[in-house]
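Residue numbers (our numbering): 30 to 152. Glycine included, C-beta positions come from ideal geometry on N, C-alpha and C. Computed from a predicted model, the values in this text were never measured in an experiment. Beneath this line is the structure, given in structure tokens, with notes to follow.
Now the structure itself:
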């Protein structure tokens, strides 16, 4: 599944725990995408043909007692300025959204998700 979405301003929580994200406008997320964590690829410079590996979260953020969000953490890239739009290509569902007792516990799980995604990208 592939879709293009506007990038919106987030709360900066991902950056605070060491995994900065680009937050996606929820109206642009396909209705058939089920909540969860996904390995995906992201393109933010339209037409340059380059895709970056990423991990996507779609669903509530229970550790922060927060509502639905869709956000991507791009691996091995530093994006100086958030783009206006990105294209996301969903590769594989990794797991459901889970609750964690603390942001630190969430960070440990994110590290596992990133490792699993890297293995998928090497296939």
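Check whether the region 61 to 80 touches the region 42 to 50, counting contact only when three or more Cβ pairs, one atom from each stretch, lie closer than 8 Å.
no
Assuming residue 218 and residue 102 make a contact with CB atoms under 8 Å, what is their CB distance in whole Å?
Residue 218 lies beyond the range of the chain shown here (30 to 152); nothing can be said about it.
Taking only three categories from DSSP, how would you classify residue 135?
Assignment of residue 135 by DSSP, reduced to helix, strand and coil, places it in the helix class.
For residue 89, collect the residues of the same chain with a Cβ closer than 8 Å to its Cβ; drop the 5 residues on either side in sequence, then sort them by chain order.
64, 95, 96, 97, 98 and 126
Within-7 Å CB hit, residue 45 to chain C
Of the protein chains in this structure there is only one, and it is not chain C.
Which residues in the same chain as residue 136 place their Cβ atom closer than 6 Å to its Cβ, once the five residues preceding and following it in sequence are excluded?
For residue 136, where only same-chain residues beyond five positions count, the Cβ hits under 6 Å are 46.
Just grab the DSSP bridge partners of residue 34 for me.
For residue 34, which the question treats as bridged, DSSP gives the partners 115.
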